[in-house]
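In the working numbering, the protein residues as written are 457 to 628.
Backbone N, C-alpha and C define an ideal beta-carbon position, used for all residues, glycine too.
Just below is one structure, and these are the notes that go with it.
Right, dumping it as structure tokens:
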């Protein structure tokens, strides 16, 4: 059963990444068409009035860059966790757990991945404290069931944080 979960989690991670990038391509195309249909000012932002480089730069910064950053951070944490897990003879994480970590970071986006890591570690600390109080100091709790629910909490939380100026400063 373990191999199926690892395979499922790997395919899910790459499918989620592909879905986000298809969405970014769709939104980029929609932006181009919106500017093309605009007869007042938007038409002057695309060729022949302006170089196509302006549109590509605009689309990359506004629609692609947050996902590229979160993908790079997710891959960085995935590789780091895999290295650490191999160094500890695979005692820290289950094999599919690394993909759950990467999915959580990628779905949280940029800068949501910062809050995601804070939420995951805070939830784990709280669960460890409660477990230690009730079952003694020799109990161990896995991160396994924390990665994806904390990602859902982070996505929900960041939807409400856009109205605060300090959060807007973190956005690209």
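Less than 8 Å separating the beta-carbons of residue i and residue j?
i	j	result
residue 575	residue 606	yes
residue 608	residue 469	no
residue 517	residue 628	yes
residue 492	residue 502	yes
residue 614	residue 568	yes
Could you say which of the options lies nearest to residue i if we only look at CA atoms?
i	options	result
residue 551	535, 564, 566 and 565	535
residue 465	618, 604, 620 and 586	604
residue 546	479, 598, 460 and 611	598
residue 511	495, 504, 488 and 496	488
residue 479	616, 515, 539 and 590	515
For residue i, name the three-state secondary structure that DSSP assigns.
i	result
residue 506	coil
residue 605	helix
residue 551	coil
residue 610	helix
residue 460	helix
residue 588	helix
Suppose the cutoff is 7 Å on Cβ atoms and the five residues either side in sequence are ignored; what does the same chain contact list for residue i look like?
i	result
residue 527	473 and 562
Which same chain residues end up closer than 6 Å to residue i when comparing Cβ atoms and leaving out the 5 residues on each side of it in sequence?
i	result
residue 476	523
Please list, in chain order, all residues of the same chain as residue i whose beta carbon is under 8 Å from its beta carbon, the five residues on each side excluded.
i	result
residue 521	566 and 628
residue 462	551, 552 and 555
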